[in-house]
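In terms of our numbering, the sequence shown opens at residue 131 and continues consecutively.
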Amino acid sequence: MPLARHAPCEADEEVPLSAPAAGVSTPRRDPGLRRPGRAAFVLAVVLFLAVTACAPSGPERSSEAVAPIDAVTVGSFNFPESRLLAEVYAQALESAGILVARQPQVGPREIMEPALEQGLVDVVPEYLGSALAYLEPGASVASLDAAAARQRLSELLAERGLVVLSFAPAENQNGVVVRRDTAERYGLSSISDLAPVAGELVFGGPPECRERPFCLIGLQNVYGLNFKSFVPLDSGGRGTRAALAGGEIDVGLLFTTDGHLAGGDLVLLADDRSLQPVENVVPVARRQVVERYGTALVERLDRVSALLTTTELSDLNRQMTIDEQDPAVVAARWLADRGLLG
131 MPLARHAPCE
141 ADEEVPLSAP
151 AAGVSTPRRD
161 PGLRRPGRAA
171 FVLAVVLFLA
181 VTACAPSGPE
191 RSSEAVAPID
201 AVTVGSFNFP
211 ESRLLAEVYA
221 QALESAGILV
231 ARQPQVGPRE
241 IMEPALEQGL
251 VDVVPEYLGS
261 ALAYLEPGAS
271 VASLDAAAAR
281 QRLSELLAER
291 GLVVLSFAPA
301 ENQNGVVVRR
311 DTAERYGLSS
321 ISDLAPVAGE
331 LVFGGPPECR
341 ERPFCLIGLQ
351 NVYGLNFKSF
361 VPLDSGGRGT
371 RAALAGGEID
381 VGLLFTTDGH
391 LAGGDLVLLA
401 DDRSLQPVEN
411 VVPVARRQVV
421 ERYGTALVER
431 LDRVSALLTT
441 TELSDLNRQM
451 TIDEQDPAVV
461 AARWLADRGL
471 LG
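Dropping the structure here:
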């Protein structure tokens, strides 16, 4: 995810943009964080997280409960897929005998980064390319394969006391999507096809899309696209799909693992100039937590990564967003089917 790949408007449906200016734990902060308003917002959220830890799941869970001090806190970005992946991680760790607390929908990377640094979150599902681009704005992330991206990400996050575990085959990139009638009207099958008509079309995506190298900036620099206007929405979620369906926007940013893309109403345009980097799902954890739990934590999350494919991730998303199943139920079924519970 993507924007987080990065992303925001409707907290329940936002995602990861492949990001730019600061990161999961970043040596350089996003210029946006230097603005008083954004800085105050980040501080307020971090303080909120510090006093509202989520308790382990189960019948005894209470909104007023506080996570035990020895629990591993698994956090998620503010979009559904991240919540699902965090639940998969949480249940996998619990099955290994590790006490777990949930901190869902922490926010985009501008929020997650200080939360990780301050120990308010211990483990988070990340995306290789987006995390790396966030830490090194301007770097040639799109040219790296998954192994090289993980290596570089590990080097950068080590400075922040964070460890990058094994990445999954599963990958979720930012995708440029149009309605089928729009694709047929303009003969669109790839992002390059938008160039002659972009000035007539309205683009919608997460608010941070304006600043992300793999969103508006990249679409302009790599594809030469200058849209008629930009509408800030959620991060590749319900709000964006509704805006496309209702004609509020003509082009939208969705995630390539969005279960709705399997239907016939939306067309995912091919990224024919390879703007998007590799976006394999990867667990990032605080070094102190890795050292405390050792192989019990690392091996369990590595097993999850080894078994998670892109096709399966798309299907898990479909179960959540289309079939409207609870993420905890979806996660438990997937883990059980692969022998990762108990």
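Cβ coordinates follow ideal geometry from the N, Cα and C atoms, glycine included.
Collapsing the DSSP output to three states places P362 in a strand. In chain order, A300, T387 place their CB closer than 6 Å to the CB of L443, counting only its own chain and leaving out the 5 sequence neighbours on each side. Taking C-beta separations shorter than 8 Å and ignoring five residues to either side along the sequence, the partners of D395 in its chain run R309, R310, A375, following chain order. Secondary structure of Q455 (DSSP, three-state): coil. Annotated three-state conformation of R290 is coil, per DSSP.
Contact between the stretch 427 to 447 and the stretch 343 to 362 is not established, with fewer than three Cβ pairs separated by less than 8 Å.
Bounds of any beta strand (DSSP E) do not take in V251, whose DSSP letter is neither H nor E. Just so you know, the alpha carbons of V361 and G367 end up roughly 14 Å apart.
If the five residues before and after R417 are omitted, its C-beta is found closer than 6 Å to the C-beta atoms of G291, V293, all from its own chain and listed in chain order. Bridge partners of R416 according to DSSP: L292. In this structure, V251 sits near V236, with a CB-CB distance shorter than 8 Å.
Between P255 and L295, the gap from beta carbon to beta carbon reaches 8 Å or more. Excluding the 5 residues flanking it on each side, I452 has same chain C-beta neighbours closer than 8 Å at G389, H390, in chain order. When DSSP reads this structure, Q281 sits in no beta bridge, so it has no partner. For A276, same chain residues with a beta-carbon under 7 Å away, outside a window of 5 residues either side, are L258, F297, V408, N410 in chain order. Among the bridge pairs identified by DSSP, R232 is matched with V204.
Between V412 and R280 the beta-carbon gap is near 7 Å, inside 8 Å, which marks them as a contact. Between the alpha carbons of L324 and L383 lies a distance of about 14 Å.
Burial state of A392 is exposed, judged by a 10 Å Cβ sphere holding fewer than 16 other Cβ atoms. Counting along the chain, V434 sits inside the alpha helix (DSSP H) bounded by residues 425 to 437.
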